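**Student:**
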Amino acid sequence: MKGARKIMDLKGFPIFVHVTFLVLAAFFVLPNFGNTPNQHAVALAWVPILFISILVHELGHAVAIQKYGYGRSQILLWGMGGLCISRGRRRPKDGIRIALAGPLFGFLLGLPFLILFIVQRVIGLDLGYVLNHLVWGMVMVNIGWTIMNLFPIFPLDGGQALYYGLRLYGKKTADKAARLSGLIGLISLVPILLLAFVLQEFFLIFLVLFMAPTSYQAWRYGHGAIQL
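Taking the numbering used here, I'd label the letters of the sequence shown as residues 8 to 235.
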């Protein structure tokens, strides 16, 4: 993997970090750096928040891939999040399970932080500036991003689950399932893009522009244009 370095093995899965992961981390660290030690600590906390959250999410995919007989995966953390690299064409039912395993692991990681966040609001519990932001960061990434990741858009897990669902329950061929999934993804991106412009969420705009070509290629060219 050019530009990536292996940092460890976790549960037998090789873990690689690409240099572009530093760009992703910087996108969250630099705007939050501030002028005080507490602000510096909160900003730097985004590095372990992103690293742990993305790693756990991809580990969910890797565990499911191995469980259903598709071998051992490699996990890559890079500028757009994470990738679980494996081989073998998946059966539709397994494809759904594998696609949803990552969000499930992420949700389970974020659930204790969500409960703590709710308790904080209900009883007025103050953990201090740094820990308050750490809790919120874990909620945002593992609950908020997980929900967004389930949208029916390629290359998100929701888009992959939709593709395999169409093959399994809709009895579609690989090409027809890919084209329909791509079309649904493109339609879904329109209101998200409009909302991102209204809210001036430039990172979300960037994500939409990143996802749109994949959905378009799936719609235009079918199964051969996507990697599953």
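Every residue gets a Cβ at the ideal spot worked out from N, C-alpha and C, and that includes glycine.
This one's a predicted model, so the numbers in the text were calculated from it and none came from an experiment.
Flag this pair as touching only if the region 117–125 and the region 74–81 have three or more C-beta atom pairs under 8 Å; answer yes or no.
**Tutor:** Not touching, per the Cβ criterion.
**Student:** Out of curiosity, what's the CA-to-CA distance linking valine 70 and isoleucine 103?
**Tutor:** Computed Cα separation, rounded: 14 Å.
**Student:** Out of Leu62, Phe158 and Gly135, which one is the CA nearest neighbour of glutamine 46?
**Tutor:** Closest by alpha carbon: Gly135.
**Student:** With H, G and I counted as helix, E and B as strand and the rest as coil, what does DSSP make of arginine 104?
**Tutor:** The answer is helix: DSSP assigns arginine 104 an H, G or I state.
**Student:** Using a Cβ-Cβ cut-off of 6 Å (strictly less than) and excluding sequence neighbours within five positions of lysine 179, which residues of its own chain qualify?
**Tutor:** Around lysine 179: Leu173.
**Student:** Taking only heavy atoms of the ligand ADP into account, decide whether any of them is closer than 7 Å to the Cβ of leucine 187.
**Tutor:** Questions concerning the ligand ADP fall outside what the structure shown contains, since it holds no ligand whatsoever.
**Student:** Pull up the CB-CB distance for valine 148 and leucine 57, whole angstroms please, since I reckon it's below 8 Å.
**Tutor:** Indeed, because the Cβ distance is near 7 Å, the residues count as touching under 8 Å.
**Student:** Under 8 Å, Cβ to Cβ, is there at least one residue of chain B near tyrosine 136?
**Tutor:** Checking the listed chains, one finds no chain B in this structure; it contains a single protein chain.
**Student:** Quick check: the region 124–133 against the region 162–171, are there 3 or more CB pairs under 8 Å?
**Tutor:** No: the two stretches stay apart, fewer than three of their Cβ pairs being nearer than 8 Å.
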